[in-house]
Amino acid sequence: MSTSVVPPLPKQGFGNWLKKHFFSTWLNSVFSVLFGALLIWICVKLSNWAVLDAIWSVDDKEHCGHGAGACWAVIQDRGRLIMFGLYPYDEQWRSTLACLVVILTIGLSCLPSLWSIKKLPALWVIGFGAFVLLMRGGFAGLPLVTSEQWGGLSLTIFIFSAVFVLGMPLAVVFALARRSSLPVIAKGAGLFIDLVRSLPLLAVLFAAAVVVPLLVPDWLEGNKLGRVVIAFAVFFAVYQAEIIRAGLQSTSQGQEEAAAALGMPYWSLVVDILLPQAFRNTLPSTINQAVITFKETSIVTIIGFFEVMASGNAAIGGGEWTEQFVEVYVFLALVYFVFVFGLSRYGAWLENRMRVGHA
Amino acid sequence: MTTLFTSQKFRRTAVQVMFVTVVVLLILAMIIVGRTNIADQGIATGFGFLNQTTGWPVSFSLTDVGPRSTYTQVLFAGLLNTLLVGFMTLFFATLLGLFLALMRISSNSLMKLVGTTYVEVFRNVPVILQVFFWYAILTHLPGPRQAYSLADMAFFSNRGLMLPAPSLSGLDIVLFLIGCVAIGFGLKSFKFKKTGLRLPLAILAAVALFVVLLMTGREADVALWSVPELKGLRFVGGVSLKPEFSALLIGLTLFGASYIGEIIRGGLISVDKGKLEAGSALGMSSFQINRYIRIPLAFRAMLPSLSNQYVWLMKGTTVGIAIGYPDYFAIVSTSINQSGQTMELLALLMGGFIVVNYSIGFAMNLLNSRLKLKGRS
């Protein structure tokens with residue numbers, strides 16, 4: 177009779193856990209002690225500043241800047257400016273509602289059951305159209321608010337979602353064009369993609385805002401926001417096109433051949449077989465590109481739009497709150513962080529879920 | 129006629145011809161409309177303006193430019209400013225990124241926590257916000273008289289950062305270049321294996337040669353290091369980094385490091401564990417495993433993403449315009465405002481960035497093709 181040799185179980189318990197994670201070698205112990213002390217010191221300082229010694233209400237604002245703590249009263253005082261920019265005060269409920277509609281649309285389009293080439297675009301057109309109608313008004317007794325008055329977080333959300341909605345189909349077109357079997361179209365698309373990719377986003381947006389009016393007839397000029405959003409969408413599309421192209425390349429050749437053998441027309445092959453797989457295979461990169469795009473909306477500040485970054489700067493530029501720049505920047509960072517972190521966590525969850533389904 | 133349309137060859141040609149025609153017509157239309165629009169505004173066209181003087185000052189430049197410089201000189205100064213801040217960012221962000229990557233793969237959970245927190249915080253906040261933040265911090269520092277000092281060697285005030293610097297003359301820089309070339313040739317011509325001379329020894333010898341050259345060649349009465357000193361209301365000596373430059377450098381470096389750190393970490397963990405174990409089975413020391421197996425393999429894996437990130441960071445320097453750093457984009461944009469030569473300047477802007485980006489891409493590709501495993505495409 178053979179006795180099976182059971183390997184000893186790893187030692188359990190708090191002491192061993194501590195030893196394994198923090199004190200496995202003497203060098204690790206030194207690092208742990210030094211970094212631990214530093215970390216505790218930073219945490220204490222930070223919580224004192226941000227919470228314990230902080231001033232929260234505008235009533236108490238004469239104490240701002242004298243104490244050691246943060247003065248969150250500036251957010252209470254200037255919060256509406258940061259969130260809505262120059263949008264008319266009485267109409268700001270519309271801005272809030274419009275943002276909620278778009279966030280709901282984004283949330284819904286994260287549901288895999290709605291991922292079809294017909295449902296998703298329809299959802300986006302409806303959600304995004306509702307956003308524009310609500311923000312703009314001019315019907316059913318809602319006063320007209322032109323895009324020059326849009327601002328704050330709602331403008332950030334508008335630019336992001338418009339870039340995404342316009343850029344996605346464009347990206348598909350670019351990717352298919354670059355893979356086209358017609359050499360002139362493939363080369364032309366490739367040249368265009370490489371050219372735009374080597375430019376800074378700021379230069380592209382600047383060209384759209386300043387140069388395009390010189391190059392097109394007056395009736396085609398449109399408004400500045402529209403031009404900038406289209407340029408931004410093209411910029412997004414050339415990056416996303418490369419991602420989709422990688423996804424298309426990752427589908428196996430046999431599927432195209434099978435479709436050809438069945439006599440399937442080209443567009444049906446692309447829409448029903450290749451694109452769904454391409455999107456699924458490149459979901460992590462697509463989420464990553466969305467995250468980058470959300471952060472990059474902050475750049476339109478430089479060419480004179482009043483999105484949340486610019487509104488934050490305006491909140492501290494007025495004179496009364498100039499000393500509270502740290503609080504405002506920390507608040508802005510939190511706003512961006514919440515959106516971006518949410519998006520990337522969702523991406524990680526989705527990646528995990530798809531790995532389980534397909535492995 | 130019907131056979132003509134059903135012929136695939138004909139349709140393919142027709143589609144391509146139509147595509148080219150539409151593109152050419154669009155470009156032609158834009159040129160025609162553009163010419164009339166520009167003529168209506170009474171702006172001259174052509175590149176003649178490049179030889180005119182600008183009439184406006186540039187707040188920071190490596191070359192000697194002022195209001196009487198020509199557009200060519202000013203644009204060149206802007207390009208140098210972009211390259212200066214760009215390459216310094218790449219250097220520091222790579223160092224910090226390497227450090228972060230090592231923290232995140234360490235066995236110490238505390239280090240992992242610090243590294244992860246850093247990456248999540250700095251990667252998820254827009255770079256322009258970070259640049260604004262550092263700029264506000266730097267301009268809210270006390271004035272030169274109350275400046276914070278670090279051991280009386282470096283000073284931090286609202287005029288910028290004053291750091292000690294080696295005082296180099298033009299001759300020293302020439303010597304430095306000669307030294308670099310000498311080191312390069314020296315390293316290339318050494319046959320380490322045959323002479324038994326190890327790489328560190330060769331580097332040491334080259335550095336010693338360089339120091340000797342520097343010491344013998346320099347002017348006698350100039351101190352080796354120039355330390356900033358408060359004289360009256362301003363600092364003298366050392367090197368002064370203006371708030372705009374420092375804020376852009378700090379913001380881009382801290383932001384870029386979080387991305388570069390993740391790329392380096394990805395490269396390091398992509399190395400197959402079996403290869404490391406094979407190394408130790410052959411009796412290699414952990415230094416040798418790192419030197420001959422882990423780092424070369426990781427480097428190959430991370431190089432393509434690293435080169436993308438470098439190009440991205442170089443383009444990211446354009447946010448400097450938001451805080452008044454005169455980089456290439458800022459200079460071009462001011463020139464457009466002042467001279468009205470929109471098309472020409474925009475072409476120069478695009479040309480400049482395309483050249484810079486392709487150079488980085490080219491250099492990284494060269495490195496990649498030197499390093500990649502032979503026989504793989």
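Chains A and B are the protein sequences, given in the same order.
Everything in the first sequence is counted per our numbering, starting at 177 for the first residue and increasing by one.
Everything in the second sequence is counted per our numbering, starting at 129 for the first residue and increasing by one.
Idealized CB from N, CA, C, for every residue including glycine.
Three-state class that DSSP yields for residue i in the structure shown
{"i": "residue 191/B", "result": "coil"}
{"i": "residue 450/A", "result": "helix"}
{"i": "residue 234/B", "result": "coil"}
{"i": "residue 463/A", "result": "helix"}
{"i": "residue 275/A", "result": "helix"}
{"i": "residue 286/A", "result": "coil"}
{"i": "residue 265/B", "result": "helix"}
{"i": "residue 293/A", "result": "coil"}
{"i": "residue 308/B", "result": "helix"}
{"i": "residue 458/A", "result": "coil"}
{"i": "residue 505/B", "result": "Since pLDDT at residue 505/B reaches only 46, below the 50 mark, its modelled position is unreliable, and the value read off the structure follows with that caveat. Coil, per DSSP."}
{"i": "residue 441/A", "result": "coil"}
{"i": "residue 431/A", "result": "helix"}
{"i": "residue 181/A", "result": "coil"}
{"i": "residue 394/A", "result": "helix"}
{"i": "residue 399/B", "result": "coil"}
{"i": "residue 530/A", "result": "helix"}
{"i": "residue 356/A", "result": "coil"}
{"i": "residue 205/B", "result": "helix"}
{"i": "residue 281/A", "result": "helix"}
{"i": "residue 225/A", "result": "helix"}
{"i": "residue 214/A", "result": "helix"}
Residues that residue i bridges to, as DSSP identifies them
{"i": "residue 290/B", "result": "283/B, 368/B"}
{"i": "residue 358/B", "result": "363/B"}
{"i": "residue 276/B", "result": "284/B"}
{"i": "residue 328/A", "result": "483/A"}
{"i": "residue 181/B", "result": "198/B"}
{"i": "residue 231/A", "result": "247/A"}
Residue i versus residue j - alpha carbon distance
{"i": "residue 359/A", "j": "residue 143/B", "result": "11 Å"}
{"i": "residue 454/A", "j": "residue 394/B", "result": "23 Å"}
{"i": "residue 394/A", "j": "residue 413/A", "result": "26 Å"}
{"i": "residue 235/A", "j": "residue 213/B", "result": "44 Å"}
{"i": "residue 494/A", "j": "residue 254/A", "result": "10 Å"}
{"i": "residue 351/A", "j": "residue 325/A", "result": "36 Å"}
{"i": "residue 220/A", "j": "residue 227/A", "result": "10 Å"}
{"i": "residue 339/A", "j": "residue 335/B", "result": "53 Å"}
{"i": "residue 371/A", "j": "residue 381/A", "result": "15 Å"}
{"i": "residue 237/B", "j": "residue 249/B", "result": "18 Å"}
{"i": "residue 491/A", "j": "residue 355/A", "result": "48 Å"}
{"i": "residue 489/A", "j": "residue 447/B", "result": "15 Å"}
{"i": "residue 231/B", "j": "residue 241/B", "result": "9 Å"}
{"i": "residue 392/A", "j": "residue 169/B", "result": "15 Å"}
{"i": "residue 206/B", "j": "residue 481/B", "result": "12 Å"}
{"i": "residue 209/B", "j": "residue 215/B", "result": "10 Å"}
Residues of its chain near residue i, where Cβ-Cβ distance is below 8 Å and the 5 sequence neighbours each way are ignored
{"i": "residue 545/A", "result": "Absent from the model: residue 545/A. The displayed extent of chain A is 177 to 535, so no value can be given."}
{"i": "residue 277/A", "result": "303, 306, 307, 310"}
{"i": "residue 519/A", "result": "463, 466, 467, 470"}
Residues near residue i by beta carbon distance below 7 Å, same chain, minus five either side
{"i": "residue 431/A", "result": "449"}
{"i": "residue 232/A", "result": "248, 249"}
{"i": "residue 516/A", "result": "467, 470, 471"}
{"i": "residue 445/A", "result": "432, 435"}
Spatial neighbours of residue i in its chain, beta-carbon cut-off 6 Å, leaving aside the 5 residues before and after
{"i": "residue 245/A", "result": "225, 229, 230"}
{"i": "residue 505/B", "result": "Residue confidence is low: residue 505/B scores 46 on pLDDT, short of 50, so the model does not pin down where it sits. Its coordinate-derived value is still stated next. None."}
{"i": "residue 213/A", "result": "none"}
{"i": "residue 373/A", "result": "414"}
{"i": "residue 257/A", "result": "487, 491"}
{"i": "residue 341/A", "result": "300, 304"}
{"i": "residue 269/B", "result": "284, 285, 286"}
The ligand FAD heavy atom lying under 7 Å from the CB of residue i
{"i": "residue 206/A", "result": "As presented, the structure is devoid of all ligands, the ligand FAD included, so that no description of it is given."}
Using a Cβ distance threshold of 8 Å, determine whether the region 396-404 of chain A contacts the region 379-386 of chain A, with at least three qualifying pairs required.
yes
Inter-stretch contact (C-beta, 8 Å, three-pair minimum) for the region 454-469 of chain B and the region 175-189 of chain B:
yes
Between the region 445-455 of chain B and the region 344-361 of chain A, do at least 3 Cβ pairs fall closer than 8 Å?
no
Check whether the region 383-392 of chain B and the region 467-484 of chain B touch, using three or more Cβ-Cβ pairs below 8 Å as the test.
no
Give a yes or no on contact between the region 424-438 of chain B and the region 492-501 of chain B, applying the rule of three or more CB pairs nearer than 8 Å.
yes
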